[in-house]
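The next block holds one structure in the form of structure tokens; read it before the comments.
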Amino acid sequence: MGSVGVLTNSVMVCAPLMAQSVEQMVLDMHSAKAQGADVVEVRLDCINKFQPSQDLETIIRNKPLPVIIVYRPKWEGGQYEGDEHKRLEALRLAHDLGADYIDLELKVASELIWELKNKHQNGGKVIVSSYLNGATPSKENLSHLVATMQATEADIIKVVSNADDITEMERIFYLLSHCEVPAVAYSVGERGLISQLLCPKFGGALVYGSMEGNSIPGLPTLDSLREAYKVDCINSDTKVFGLLSKPVGHSKGPLLHNPTLRHVNFNGIYVPMFVDDLKKFFDVYASPDFAGYSVGFPYKEAVVQFCDEVHPLAKCIGAVNTIIRRPCDGKLVGYNTDCEGSITAIEDALRDQKYVNGRSLNSPLAGKQFVVVGAGGAGRAIAVGAKSRGARVIIFDIDLERAKSLARAVSGEAQHFESLAHFQPENGAILANATPIGMHPSTDRIPAAEETLGNYQLVFDAVYTPRKTRLLKDADAAGAITVSGVEMFLRQAIGQFKLFTGREAPKDFMREIVLAKF
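Each residue of the sequence shown is one higher than the one before, starting from 4 at the first, in my numbering.
Set out below in structure tokens:
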């Protein structure tokens, strides 16, 4: 028989298994262990033609790691629709056969727990669970629910909600940090992702991760929990950094920032944060634990109003991509590292291609026509940077008024995005795409007319998923120098790291990560 596991004070990584056959369930248990799981949650209600006595013995006899047995009924969000007596009999049998944990719904828990603890004493633990419909309840209502669950004498309690907003996770964290018994609590869906990733910080007993090739919305992968986030290294003192964006699934920031934080022995974690309402977010997450943020699409301009102070460059740009919570007074201070990140990447590419004779003090952009597509946060940073180097800036945007506003700020020219299809750039001009056009999954689009790409000396694309966008491929084929958004991403992240930690960024280490994983 496989080993019996006991949930300790340190978090354990759990893989939920929903195979439709017992044979596949056994294979998945072994795969989950190989991928870094400490424990698996076996969903009996997903198995076709489940035969309790035969199938449970097979599962438990062949388990390579601790198992949580779940037999979720339809009325609690599961798939089982049969006789309730037979369902509970199967859970009793799982306990008798040596399951490490069985999961009981709060509605049926009290009587069954007493029976198992008094008549079937074999060391197996009981988890009492509650799946909540709708938004996460208030702290007061959660406290009442937890008290009721603890009164069942459960070994572990589990609460699952459906998050409508990321701010609901603060109530989940409150539950975890105030519970008197080991607790599992999280919200499903992309907005609930941080309830998994930050669970160890607030004392949660389990963090769930999906197996490779079986992605589940709102769940990180087992590999990312072990490699990128290193959840076993997170504790109550861990500082939280995150990307504020909508959506956030495309971000590779965690792949870069988390290993870098560990490399310099800084106790921090960087997580994706799907934010719908900036004001609500900053009002709720106001503690010093939430120490800093990257700001992504579409919030780089809107977030300025929520900063207590804004660095002069960011104020000039009108966009913020980095926020830190100043330790001495808790004030939010906004910065912009996109500007120098993008412009130095373009300048260095021109110099590397020997389009500049010697090491002139002047920028290789001086006097050049510089075409910026997109007048949002990234476009503003690039345009201001280009203007500061003496370039002549032309802005294209689907919102002509927004383009005109930016053009006035950089003494440039504004045109509607539609006119870009017929625009003839000067020979030797620079093109910078600062829109999401070409981003995964819509990778076959480009913002400019393909036949004009050969007139540009250099083409830059702020999109970095994929690394080599169609725009860059077409520009390369047309003979232009190309600069990937990955280069801008790396350079702005180096600037962010110093702001986040107060330390010099290990640039070579960060570049190695980008080359290996992006």
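C-beta atoms are modelled at their ideal positions from N, C-alpha and C, and glycine is treated no differently. Here the structure is a predicted model, which is why all the values come from computation and not from measurement.
Around the beta carbon of A452, a 10 Å sphere encloses fewer than 16 other beta carbons of the protein chains shown; the residue is thus reported as exposed. Per DSSP, the continuous alpha helix (DSSP H) segment holding F176 begins and ends at M172 to H181. Residue range Y459 to D464 is occupied by the beta strand (DSSP E) that includes D464.
If you look at A37, you'll find it in the alpha helix (DSSP H) that goes V25 to A37. In chain order, S164, N165, A166, D167, D168 and E171 place their CB closer than 8 Å to the CB of A138, counting only its own chain and leaving out the 5 sequence neighbours on each side. For the pair V462 and A437, the CB atoms are not nearer than the 9 Å cut-off.
If only uninterrupted alpha helix (DSSP H) runs of at least 4 residues are considered, those enclosed by the stretch 306-377 are 315-320 and 341-355. At a Cβ-Cβ threshold of 9 Å, G393 and S414 do not count as neighbours.
Within the same chain, Cβ atoms closer than 6 Å to the Cβ of F269 are found at T504, the five residues on either side in sequence being excluded. Nearest neighbour of V267 by Cα position, chosen from P509, A208 and E421, turns out to be P509.
The beta carbon of P257 is closer than 6 Å to those of A231 and Y273 in its chain, skipping five residues each way along the sequence. When secondary structure is reduced to three states using DSSP, M491 falls in the helix class. From the listed residues E429, G212, C236 and D235, the smallest Cα separation to D226 is found for G212.
Distances from the CA of W78 to each of A412, S133 and K520 were compared; the closest alpha carbon is that of S133.
Taking C-beta atoms as the reference points, L409 and A378 count as a pair closer than 9 Å. For a cut-off of 8 Å, the C-beta gap from A157 to V129 is around 6 Å, short enough to register as a contact.
Per the Cβ contact rule, the stretch 197-214 is in contact with the stretch 33-44 (3 or more Cβ pairs under 8 Å).
Under the three-state reduction of DSSP, I62 is assigned to helix. In the three-state scheme derived from DSSP, where H, G and I count as helix and E and B as strand, H253 is classed as coil. With respect to K204, T263 sits apart: the two C-beta atoms are not nearer than 9 Å. The C-beta distance from L502 to T347 rounds to 17 Å, too long to meet the 8 Å contact threshold.
Counting only runs of at least 4 residues, the stretch 269-295 fully encloses the following alpha helix (DSSP H) elements, listed from N- to C-terminal order: 281-287. One Cα belongs to I320, the other to D341, and the distance between them is close to 10 Å. For V396, DSSP records a beta bridge to F373.
Burial check for S141: the Cβ neighbour count within 10 Å stays below 16, so the residue is exposed. Our two residues, D103 and I160, have alpha carbons roughly 15 Å apart in a direct line. The C-alpha of C202 is placed about 11 Å away from the C-alpha of E173. DSSP places D511 inside the alpha helix (DSSP H), whose first and last residues are K510 to K520. The residue among V70, P76, H33 and I63 with its C-alpha nearest the C-alpha of C49 is P76.
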